[in-house]
Structure formats: structure tokens, C-alpha cells
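Since the structure comes first, as C-alpha cells, the remarks are kept for the end.
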């Protein structure tokens with residue numbers, strides 16, 4: 246197969262940032278601690294979608310193969326004031342001279358033209374706070390925690406700006 250059969254200058258992809266993890270409702274209970282109190286940890290933040298320009302890429306062929314780029318969700322908080330783990334980011338590698346369009350509106354969102362450009366496209370959802378954050382002098386044993394915030398999903402049209410490598414003699 247020649248290079249011309251694999252040359253792709255347009256692709257449609259789906260991207261989604263991760264949801265934030267929920268906070269934890271937990272209470273400290275140990276043998277010699279009479280009034281343990283709340284110790285629920287915070288949920289982890291969701292992963293983000295990041296576009297990164299790689300100079301060694303020339304086409305969008307790899308985006309035709311893998312159309313879905315989903316970041317991981319944040320993990321829930323745990324007892325003993327343990328926070329949840331942050332979700333892993335979804336990296337989308339593109340060649341220099343790439344244009345990112347919203348597929349629904351056709352609006353150009355970003356022009357990625359320089360090598361090693363990095364663009365945080367969709368930020369992950371924030372993790373919820375655990376019940377240890379809501380303890381006050383009047384409410385010493387809160388029995389609630391926040392849920393995590395949801396991530397964002399979009400359908401994108403990715404185009405490659407074509408620059409003529411061959412000079413026309415005329």
C-alpha cells in the first residue's frame with residue numbers, strides 16, 4: 246500500500262472528558278477514640294481531553310481508525326480521609342496545521358499549527374467533596390457528601406490544512 250492510499254485530511258471524532266468522582270460519607274471508629282467524627286474523602290477529578298501536535302505525523306489516518314477518545318472518570322473518595330484518584334487524560338495526537346471544528350455548528354474552535362502545541366480542549370468534571378469538609382461546630386456529624394460534576398462530550402470535525410510541497414512551474 247502506498248502513502249497516497251493512507252492520506253486522510255479529514256476525520257470525525259467523538260471526545261468526552263471524565264466525570265468527577267463522588268465524595269464519601271464515612272465516620273472514624275476506633276477502639277480508644279470515643280467521638281471519631283467524619284472522615285470521608287473527596288472524589289477525584291475526571292480526566293481531560295488534550296490535543297497535542299506531533300511533528301512526525303503527516304495525516305489524520307490514525308483518527309479514522311480510532312474515532313472515540315474518552316477520558317477516565319475520577320474515582321470516588323474513601324474513608325480515613327482518602328481522596329479518589331484523578332481520571333487519566335485522553336490525548337489526541339494531531340499533525341501540525343490541524344483545524345478543530347465543532348461538528349454541529351461548523352465553528353472553528355482551534356488552529357493547531359506549531360510543533361509541540363498542547364491544547365486543553367475539554368476539562369474533566371470536578372470531584373465531589375466528602376463529609377469531612379462539611380463538619381462545623383453546630384453540625385459535627387454531617388451525613389452527606391457532594392456528587393462529582395459530569396464531564397462534557399462533543400463530536401468534532403478535524404481537518405488538515407494542506408500546504409503544497411510541490412512548486413508549480415508555469
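Residue numbers (this note's numbering): 246 to 415.
Think of the CB as a built atom: it goes at the ideal place given N, C-alpha and C, for glycine as much as any other residue.
Provide the residue(s) that pair with residue i in DSSP beta bridges, ordered along the chain.
i	result
residue 269	Looking at the DSSP assignment, residue 269 forms no beta bridge with any residue, so it has no partner.
residue 283	272
residue 400	259
residue 338	297
residue 355	345
Determine the direct distance from the alpha carbon of residue j to that of residue i, and round the result to whole angstroms.
i	j	result
residue 358	residue 303	12 Å
residue 384	residue 330	28 Å
residue 310	residue 281	54 Å
residue 343	residue 316	21 Å
residue 400	residue 328	32 Å
residue 382	residue 298	52 Å
residue 321	residue 301	38 Å
residue 335	residue 371	16 Å
Give the secondary structure of residue i by DSSP, where H, G and I count as helix, E and B as strand, and everything else as coil.
i	result
residue 376	helix
residue 327	strand
residue 299	coil
residue 308	helix
residue 313	strand
residue 394	coil
residue 277	coil
residue 363	strand
With distances taken between CB atoms, is the gap from residue i to residue j smaller than 8 Å?
i	j	result
residue 326	residue 286	yes
residue 392	residue 373	yes
residue 397	residue 314	no
residue 258	residue 364	no
residue 348	residue 305	no
residue 394	residue 262	no
residue 341	residue 360	yes
residue 267	residue 390	yes
residue 319	residue 351	no
Which same chain residues end up closer than 6 Å to residue i when comparing Cβ atoms and leaving out the 5 residues on each side of it in sequence?
i	result
residue 271	284, 285, 324
residue 337	296, 314
Which same chain residues, not among the five before or five after residue i, have their C-beta less than 7 Å away from its C-beta?
i	result
residue 387	283, 376, 379, 380
residue 275	281
Among residues of its own chain, excluding the 5 on either side of residue i, which ones have a beta-carbon nearer than 8 Å to its beta-carbon?
i	result
residue 254	304, 305, 404, 405, 407
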